[in-house]
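Below is one structure, written out as structure tokens; comments come after it.
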Amino acid sequence: MLHQLDWSHASGGRLPAEASAPAAARAAAMAARLLEETAQGRLPFLNFPFRSRLERELPPLLPRLRARRHMLLLGIGGSALGARALQRAFAPGQDEPGHDGPCLWIADNVCEATLARWLDRLEPGDTSVVCVSKSGGTIETVAQYLLVRDWLRATLGEGWREHVLLVTDDRKGFLREEAAAHDLPSLEVPDHLGGRYSALSAVGLVPAAFLGIDWQGLLDGASGVGGSLLDAARQGTLADHPAFRLAAWAHALEACAYDQLIFFCYLPQWAAFGPWFAQLWAESLGKEGTGSQPLPATGVTDQHSINQMFLDGPRNKGCLFLSGPDVEVRQPAGQGLHFAAAMPERWQWLAGRPFGCLLDAEGLGTRMALCRSGVPLVHLRMADASPRAAGALMGLLEAMTLLTGWLNGINPLDQPAVELGKRLANARLGAPGLPEEERAMREFMAQEGQCQTF
Ligand code: PA5
Numbered sequence: 106m107l108h109q110l111d112w113s114h115a116s117g118g119r120l121p122a123e124a125s126a127p128a129a130a131r132a133a134a135m136a137a138r139l140l141e142e143t144a145q146g147r148l149p150f151l152n153f154p155f156r157s158r159l160e161r162e163l164p165p166l167l168p169r170l171r172a173r174r175h176m177l178l179l180g181i182g183g184s185a186l187g188a189r190a191l192q193r194a195f196a197p198g199q200d201e202p203g204h205d206g207p208c209l210w211i212a213d214n215v216c217e218a219t220l221a222r223w224l225d226r227l228e229p230g231d232t233s234v235v236c237v238s239k240s241g242g243t244i245e246t247v248a249q250y251l252l253v254r255d256w257l258r259a260t261l262g263e264g265w266r267e268h269v270l271l272v273t274d275d276r277k278g279f280l281r282e283e284a285a286a287h288d289l290p291s292l293e294v295p296d297h298l299g300g301r302y303s304a305l306s307a308v309g310l311v312p313a314a315f316l317g318i319d320w321q322g323l324l325d326g327a328s329g330v331g332g333s334l335l336d337a338a339r340q341g342t343l344a345d346h347p348a349f350r351l352a353a354w355a356h357a358l359e360a361c362a363y364d365q366l367i368f369f370c371y372l373p374q375w376a377a378f379g380p381w382f383a384q385l386w387a388e389s390l391g392k393e394g395t396g397s398q399p400l401p402a403t404g405v406t407d408q409h410s411i412n413q414m415f416l417d418g419p420r421n422k423g424c425l426f427l428s429g430p431d432v433e434v435r436q437p438a439g440q441g442l443h444f445a446a447a448m449p450e451r452w453q454w455l456a457g458r459p460f461g462c463l464l465d466a467e468g469l470g471t472r473m474a475l476c477r478s479g480v481p482l483v484h485l486r487m488a489d490a491s492p493r494a495a496g497a498l499m500g501l502l503e504a505m506t507l508l509t510g511w512l513n514g515i516n517p518l519d520q521p522a523v524e525l526g527k528r529l530a531n532a533r534l535g536a537p538g539l540p541e542e543e544r545a546m547r548e549f550m551a552q553e554g555q556c557q558t559f
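If you read the sequence shown in my numbering, its first letter stands for residue 106, the second for the next number, and so on.
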């Protein structure tokens, strides 16, 4: 069976049939742009030109990484969310009772209590520190790196170098200088591969490989989607490609004032792809007053949480509904949890059935309820839940995001608005060369003070 997109309810009975026509009319221009930008190396998450180098350089590092029980990953945003999604999907043991396998700790915040606890409890000699930053200058990541470097040195002396791996730009940035200064092992974050599109490079694949996840399967899945997209662009069939159709749908939704996009995940182990997708979508598309707010949700948990708002709140939401194979496929006969043959009378109708049938039934129930509420919904049904399938999903969503940005007339590969907050925070901390930010901050703080206690 192949992965499927079901378009039956994409309009929710509310989106006019002609809403996606303007996008379809631009397919030829988009195809030309895709081919041109790929040829210039600007869309490496579609054709993976860095793959052979990664396949050469990562395997020799693995024996040392895997010899240690712990990996401490320092990174934030796109440098952390993909790793977390892959860990939760394919190596969830660490959150479960009785775990005695490898442990991945992702430090993607500046919570002093958490980092202090981790450094107190981790054994430097049994820990690899992987510091991930495309720019090599992100303050949250560099600050943690400097503290962790001291922590390693205090115990391991000069041996600290053998416990560090830097994943960063090949030529520039503080981390690249650090790699050169201390002769530290490093892997590249390839050119033109911004954080949120970089999960399937060393950024996410080093932690994945450490956890024993089939990282090449992930790459195969994503390359399959990227390759088929570029083939479609060459053959003049881009308008029919799933990524383009999704982008045209998202663009049409926005044009019709649907300014929120639910990502409802009914593959519970894949729930962390929700925050990964939310960052990809929000940071790529929230530009110049356009874009739709991503709303990640997990089935079935969020049926008892935010789903009421999806169903009967403002009529401004579309839904990408993700599910996996049915229980008969997930759980071959005789395996997995089953209800007993003798059940309390009130629950007798569940007797002998697999526990997994709840997920399918509740997924169907919620999907149908959303459709009946008129929520425009596209159903992504994965044929299986393998790393290869996850790679295909990630590749599809990255391509959808890129194309939606192009249809919206913005640059989906930058994130200018978030830079201001970073500069202001640096100014507040006393970083040099930010006089304008310092002045603006003084003015802003002078205005504050209309406080109320509670
Ligand atoms: O998607 C993005 O580009 C951002 O979220 C970055 O990943 C994040 O800001 C971290 O940047 P860097 O990898 O340069 O440390």
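Just so you know, even glycine gets a beta-carbon here, dropped at the ideal spot from N, CA and C.
Exposure of residue i, with buried meaning 16 or more beta-carbon neighbours within 10 Å
i	result
D407	buried
T232	buried
A447	exposed
D288	exposed
G439	exposed
N513	buried
M473	exposed
Q249	buried
N412	buried
R169	exposed
E263	exposed
V434	exposed
Beta-carbon gap between residue i and residue j smaller than 9 Å
i	j	result
P481	G423	yes
L507	L148	yes
L292	V269	no
A348	L501	yes
G379	G468	no
S410	E359	no
L186	W381	yes
L489	G441	Here residue 489 is Asp; the residue named in the question, Leu, does not match the sequence. No, Cβ-Cβ distance for D489 and G441 is not below 9 Å.
L305	A327	yes
A353	S125	yes
V234	M176	yes
P492	L323	yes
L178	A212	yes
A338	A137	yes
A190	A377	yes
Closer than 8 Å: residue i CB and nearest the ligand PA5 heavy atom
i	result
E388	yes
T506	no
R301	yes
I411	no
G241	yes
V237	yes
T558	no
T246	yes
I318	no
I515	no
I181	yes
S291	no
Q520	yes
V311	no
S306	no
Q384	yes
Nearest neighbour of residue i, chosen from the options [CA to CA]
i	options	result
P207	G317, A115, L257	G317
L159	G468, A376, A314	A314
C370	E267, R156, V483, A338	V483
C236	L209, E217, M473	L209
A194	F426, M499, N531, K239	M499
A307	G526, L525, S184	S184
E245	Q199, R544, K527	K527
G278	D364, S238, R477	S238
S157	A532, A551, D325	D325
G341	P121, G554, C556, A132	A132
Beta-carbon contacts of residue i that lie in its chain and below 6 Å, excluding the five residues immediately before and after
i	result
G117	G479, V480, P481
S389	T506, G510, P517
G182	G300
R458	F444
W320	L310, A313, A314
M487	H108, G429, A494
E142	L148
D111	H484
Other residues of its chain near residue i: CB distance less than 8 Å, five sequence neighbours each side excluded
i	result
L366	A355, L358, W386, S397, Q398, P399, L400, K422, G423, C424, L425
L334	L139, L151, L343, H346, A348, F349, A504
R258	W265
A456	F444, A445, A446, A447, M448
Other residues of its chain near residue i: CB distance less than 7 Å, five sequence neighbours each side excluded
i	result
P164	none
P295	P149, F155, S306
L529	E542, M546
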